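Numbering (our numbering), first residue to last: 7 to 132. For each residue, glycine too, the CB sits at the ideal point set by N, CA and C. Predicted model only: the values in this text are computed from it and were never measured. The structure appears right after this line, and notes come after that.
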């Protein structure tokens with residue numbers, strides 16, 4: 007640790023706890039870019055529908071299988087479908103009746119497989 011400190015690789019927190027600085031070029035894996043090239047769906051069923059590949063990318067980068075994804079403005083349900091396809095649990099919330107209808111249709115269109123049956127509970131419609 008003394009050698010790292012001499013090399014300027016130690017960062018000291020406000021309460022005096024040392025941490026090793028880790029630079030981006032030292033990390034394994036794919037580096038995130040600041041410009042993403044995802045196209046909007048060609049024929050959206052809902053005005054603010056997002057790209058499925060983009061949502062899968064975000065979910066994979068920010069969660070693990072079995073985690074729960076919350077989309078509190080789920081709109082057309084694309085995030086919920088992406089989460090389901092990536093083996094995440096999900097919670098979707100929206101107050102728009104047209105959005106809920108589209109989301110339910112989208113979830114119903116997911117195919118059941120031998121190992122995965124799409125099951126969800128619709129809790130409440132206001």
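| task | Taking residue 83 and residue 109 to be in contact with their CB atoms under 8 Å, please state how far apart those CB atoms are, rounded to whole angstroms. | result | With a Cβ gap of about 3 Å, residue 83 and residue 109 count as contacting.
| residue 56 to residue 118, Cα distance in whole Å? | If you take the alpha carbons of residue 56 and residue 118, they lie about 23 Å apart.
| Can you list, in chain order, the residues of its chain whose CB lies under 7 Å from that of residue 65, leaving out five sequence neighbours each side? | Closer than 7 Å at the Cβ level, and outside the excluded window around residue 65, lie 75, 88, 89, 92, 94.
| message | Please identify the residue among 59, 86, 129 whose C-alpha is closest to the C-alpha of residue 112. | response | The residue from 59, 86, 129 with its alpha-carbon nearest to that of residue 112 is 86.
| field | Terminal residues of the alpha helix (DSSP H) in which residue 77 lies | value | Not the alpha helix (DSSP H): residue 77 falls in the beta strand (DSSP E), residues 74-77.
| Extent of the continuous beta strand (DSSP E) to which residue 26 belongs | That run of the beta strand (DSSP E) goes 24-26.
| query | What is the DSSP secondary structure of residue 9, counted as helix, strand or coil? | reply | It is helical.
| Spatial distance of residue 42 from residue 10 (CA atoms) | Distance between the alpha carbons of residue 42 and residue 10: 35 Å.
| With distances taken between CB atoms, is the gap from residue 59 to residue 80 smaller than 8 Å? | 8 Å or more divides the Cβ of residue 59 from the Cβ of residue 80.
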